[in-house]
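Worksheet: one structure, shown below.
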Amino acid sequence: MEDSSGRPAGRAPSRAARTDTEMQESEDRFRAFVTATSEMVYRFNGDWSELLELEGDARLPDADLPRSDWLE
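Now the structure itself:
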């Protein structure tokens with residue numbers, strides 16, 4: 069980035085820095101959603117064989133995750 073006289077005036081954020089910022093913003097939105105809802109939010113791997121994340125109200129006790137025995 070240059071100022072009006074053509075001298076360096078700073079640096080544009082790198083792709084990695086933008087990605088980190090976008091990821092943090094996405095995580096913040098997800099956290100706000102989970103906090104605001106009275107339901108639970110869960111996440112599984114691609115073939116639904118492993119429970120990766122479970123968040124929401126306190127109806128269920130905390131569990132060690134990830135879990136592959138979630139159906140049992």
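In this note's numbering, the protein residues as written are 69 to 140. Think of the CB as a built atom: it goes at the ideal place given N, C-alpha and C, for glycine as much as any other residue.
- Between the CA atoms of residue 72 and residue 132 - distance to the nearest angstrom: The sequence position of residue 132 within the sequence shown is 64, counting from 1. The sequence position of residue 72 within the sequence shown is 4, counting from 1. The alpha-carbon atoms of residue 132 and residue 72 are separated by roughly 56 Å.
- Message: By the DSSP assignment, the beta strand (DSSP E) with residue 75 in it spans what residues?
- Response: Residue numbering aside, residue 75 sits at position 7 when the sequence shown is read from its first letter. Residue 75 -> no beta strand (DSSP E), and no H or E assigned at all.
- Item | Rounded C-alpha distance that separates residue 97 from residue 121 | Sequence index remark: in the sequence shown, residue 97 carries index 29 (1-based). Sequence index remark: in the sequence shown, residue 121 carries index 53 (1-based). If I take the Cα positions, the gap works out to 16 Å.
- Message: According to DSSP, is residue 140 part of a helix, a strand, or is it coil?
- Response: In the sequence shown, counting from the first residue as 1, residue 140 sits at position 72. Three-state result, residue 140: coil.
- What is the residue span of the alpha helix (DSSP H) that residue 83 lies within? Start at 1 with the first residue of the sequence shown, and residue 83 comes out as number 15. Taken as a continuous stretch (DSSP letters only), the alpha helix (DSSP H) holding residue 83 covers 83 to 104.
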